Every structure is written in C-alpha cells, then in structure tokens.
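First up is the structure itself, then whatever we jot down about it.
Numbering (the UniProt record's numbering), first residue to last: 1 to 268.
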C-alpha cells in the first residue's frame with residue numbers, strides 16, 4: 001500500500017478518507033492511505049464489508065456480460081471509483097473489443113489512475129465530473145467522444161445511490177440518465193441493504209452519519225421505485241449474490257448476507 005504522496009493527485013488531502021479509496025482498500029487494492037484503511041478496518045470489525053465489496057465487484061462482471069450478450073456495446077460507468085482488476089472495460093472488451101466505456105468520477109486519485117490505466121486504450125476513457133449533474137455528464141465532449149446516444153448504452157450505478165439522500169431526488173437523477181438513452185439501453189445498479197444484516201448496517205449508518213457521505217438504506221420496493229419507467233429484467237431486485245450467478249464468478253460464502261441489492265433494468 002502506498003503511504004507516499006508521490007503518486008497522489010495534486011491538492012488531495014490524504015488525511016481525510018475518500019469513498020473511492022476505502023472501496024479500493026476493501027477490494028485489496030493499494031491506492032489508499034492510512035485514513036482510508038482506518039475506515040475500512042472499522043467497517044470490517046462490524047460486518048462482512050470486504051465480502052460485500054467482492055460480491056459487488058462480481059456482480060459488475062456478470063452485469064457487463066449480460067449487457068454484452070444483450071447486444072449493448074457502450075457503457076457509462078457513473079461513480080466508477082479507482083480502477084482495479086476486472087473493471088468494466090476489461091470485462092466488456094474481453095468479450096468484444098469494439099465495446100466503448102466512459103468512466104465518471106470526481107475523486108482526483110480515481111481519475112488520475114484511470115487516465116494512466118486507459119492511456120493506451122482508444123475505446124475507454126475517464127471523465128472527472130459530478131455524476132449528479134446528468135445533463136453535463138451526457139453532453140460533455142469526453143462522453144460524446146466515445147458514446148453514440150443514438151444507440152443503446154449501459155448505465156452503471158454500482159454502490160452509489162445509497163449516498164444520494166431522498167432530498168436530492170435519486171429517482172429524478174436516474175430518470176435524467178434514462179431520458180438520455182434510447183430504448184434497449186440498460187441500467188445496472190447496486191445499493192446497500194440491511195436485509196439479514198440489520199445490526200451491521202445500523203453500525204455502518206451510524207458511522208457514515210459522522211462523515212461527509214451519509215448513507216440511506218432502501219428496501220427492494222423503494223429501489224424498484226427509483227427505476228421509474230425502466231423495466232427490471234429477471235430476477236428483479238435481489239441480493240447481489242443471487243443475481244444470475246450462472247453468468248460466472250466464485251460463489252458467495254453466504255449469499256443471504258450480500259449487503260447489497262442488485263438490479264438490471266431495460267428501457268422499453
């Protein structure tokens with residue numbers, strides 16, 4: 001793990017934890033600092049948050065495969081975080097090299113390392129932007145340089161929406177992105193849940209309430225409601241480990257304690 005700031009983007013306060021770096025740590029990555037690791041260790045003491053991160057990443061891979069098999073070759077990954085093994089472009093382009101991917105994040109370290117990782121990839125890029133401004137993200141020249149919105153796009157919102165409170169209208173945000181894509185486009189989303197993990201998630205909610213990124217837990221019914229006119233594909237909103245496990249990846253140690261709901265929905 002890198003405690004030196006030599007590789008960190010200019011202006012980054014490494015004494016404060018960042019969600020992207022905490023997630024990187026939980027996945028076993030090295031692009032994190034003591035403040036990030038302290039958060040990760042605190043979460044690991046109250047529940048299986050490392051396993052949750054792994055299951056979330058495994059869902060990403062299955063969802064990408066599903067999208068490619070459905071004929072979608074364009075991906076917009078919102079809140080993509082720090083690049084690590086098995087990211088969207090790697091999975092998609094292994095299946096079909098023509099796939100094009102735009103990552104969006106506002107964490108400077110996530111962006112800096114994505115730029116390095118993608119420097120020699122003409123079909124993948126990173127946009128530093130706030131995903132909550134859908135109009136700006138969709139219209140940005142970086143996005144438009146790779147994605148053709150006259151053809152289906154797969155939108156990814158993995159582990160993001162729980163950080164958007166009801167007061168910020170997450171349903172409206174999803175609707176804004178859905179309005180920008182054509183029928184046949186897909187949305188893949190994961191979201192924290194307390195199902196079978198009430199005590200662990202209560203501790204997580206209490207902790208994040210002390211930070212700049214409080215979380216909102218939502219039921220499966222509430223998550224379905226966020227989708228608006230998008231139509232969930234089978235099996236609907238389920239725990240991450242239960243979403244089409246036949247598409248590949250190692251089995252979950254305890255599928256009932258996945259910690260996230262997962263869904264893929266289609267624009268009719």
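We put the beta carbon where it would ideally sit given N, CA and C, even for glycine.
None of these values were measured; they are calculated from a predicted model.
Among the residues of its own chain, which have a CB less than 7 Å from the CB of residue 191, if the five just before and after it don't count?
-> In the chain shown, the residue the question calls residue 191 occupies position 191. Only 161, 162, 218, 223, 260 and 261 meet the Cβ criterion.
Which residues bound the beta strand (DSSP E) around residue 266?
-> Locating residue 266 in the chain shown gives position 266, where the first residue counts as 1. Looking at the DSSP string, the run of the beta strand (DSSP E) that includes residue 266 is 260 to 266.
Give the DSSP bridge partners of residue 186, in chain order.
-> Locating residue 186 in the chain shown gives position 186, where the first residue counts as 1. Looking at the DSSP assignment, residue 186 forms a beta bridge with 154 and 266.
Close Cβ partners of residue 248 (< 8 Å) along its chain, the five nearest in sequence each way excluded = One-based indexing of the chain shown puts residue 248 at position 248. Correct list, in chain order: 61, 62 and 65.
For the segment 170 to 258, which segments carrying the beta strand (DSSP E) assignment without a break, of at least 3 residues, lie completely within its bounds, in sequence order?
-> 186 to 192
What whole-angstrom Cβ distance do residue 220 and residue 237 have, given they're in contact under 8 Å?
-> The residue labelled residue 220 in the question sits at position 220 within the chain shown. The residue labelled residue 237 in the question sits at position 237 within the chain shown. The pair is a contact, with the Cβ atoms about 4 Å apart (cut-off 8 Å).
Taking 8 Å as the threshold, find out whether the segment 168 to 182 comes into contact with the segment 134 to 142 through three or more Cβ pairs.
-> yes
Reduced DSSP category for residue 127 - H, G, I as helix; E, B as strand; rest coil | Start at 1 with the first residue of the chain shown, and residue 127 comes out as number 127. Three-state result, residue 127: strand.
Local Cβ density within 10 Å of residue 116, reported as buried at 16 or more and exposed below that | Looking up residue 116 in the chain shown gives position 116. Residue 116 comes out exposed.
So residue 103 is in the beta strand (DSSP E); what residue range does that whole segment cover?
-> The residue you call residue 103 lines up with position 103 of the chain shown. Its beta strand (DSSP E) spans residues 100 to 105.
Chain-order list of residues whose beta-carbon lies under 7 Å from that of residue 26 (same chain, five-residue window excluded) | Position 26 of the chain shown holds residue 26. Closer than 7 Å at Cβ, skipping near neighbours: 40, 49, 50 and 53.
In three-state DSSP terms, what is residue 118?
-> For the purposes of this step, residue 118 is identified with residue 118 of the chain shown, where counting begins at 1. Note: residue 118 maps to coil in three-state DSSP.
In angstroms with no decimal places, state the Cα-to-Cα distance between residue 185 and residue 141.
-> Position 185 of the chain shown holds residue 185. Position 141 of the chain shown holds residue 141. Residue 185 and residue 141: Cα-Cα distance of roughly 21 Å.
Select from 129, 266, 93 and 24 the residue whose C-alpha is nearest the C-alpha of residue 183.
-> To locate residue 183, count along the chain shown from 1; it is residue 183. Here the closest residue by C-alpha is 266.
Helix, strand or coil for residue 24, going by three-state DSSP, please let me know.
-> On the chain shown, residue 24 is found 24 positions in, with the first residue counted as 1. Looking at residue 24 - three-state DSSP - the assignment turns out to be helix.
Assign residue 144 to one of two classes, buried (16 or more other C-beta atoms within 10 Å of its C-beta) or exposed (fewer than that).
-> Working through the chain shown from its first residue, we reach residue 144 at position 144. Exposed: under 16 other Cβ atoms inside 10 Å.
Would you identify the three-state DSSP class for residue 13, choosing helix, strand or coil?
-> The residue given as residue 13 occupies position 13 in the chain shown. Here residue 13 sits in coil by DSSP.
Option in 16, 227 and 87 with minimal Cα separation from residue 56 | Start at 1 with the first residue of the chain shown, and residue 56 comes out as number 56. Considering only alpha carbons, the answer is 87.
Provide the residue span of the beta strand (DSSP E) that contains residue 55, from first to last.
-> Taking the chain shown and counting its residues from 1, the one referred to as residue 55 is at position 55. Counting along the chain, residue 55 falls outside any beta strand (DSSP E), though it belongs to the alpha helix (DSSP H) covering 49 to 69.
Backbone secondary structure at residue 166 - three-state DSSP = The sequence position of residue 166 within the chain shown is 166, counting from 1. Helix.
Report buried or exposed for residue 5, applying the criterion of at least 16 other Cβ atoms within 10 angstroms of its Cβ.
-> Start at 1 with the first residue of the chain shown, and residue 5 comes out as number 5. Because the pLDDT at residue 5 is just 48, under 50, the model does not fix this residue reliably, and the value given afterwards should be weighed accordingly. Exposed, because fewer than 16 other Cβ atoms sit within 10 Å of the Cβ of residue 5.
Is the beta carbon of residue 257 less than 8 Å from the beta carbon of residue 196?
-> By one-based count along the chain shown, residue 257 stands at place 257. By one-based count along the chain shown, residue 196 stands at place 196. Going by C-beta atoms, residue 257 is nearer than 8 Å to residue 196.
Output the boundary residues of the beta strand (DSSP E) element that contains residue 36.
-> Here residue 36 refers to the residue found at position 36 when the chain shown is read from its first residue. Run containing residue 36: none in the beta strand (DSSP E); it sits in the alpha helix (DSSP H), 34 to 46.
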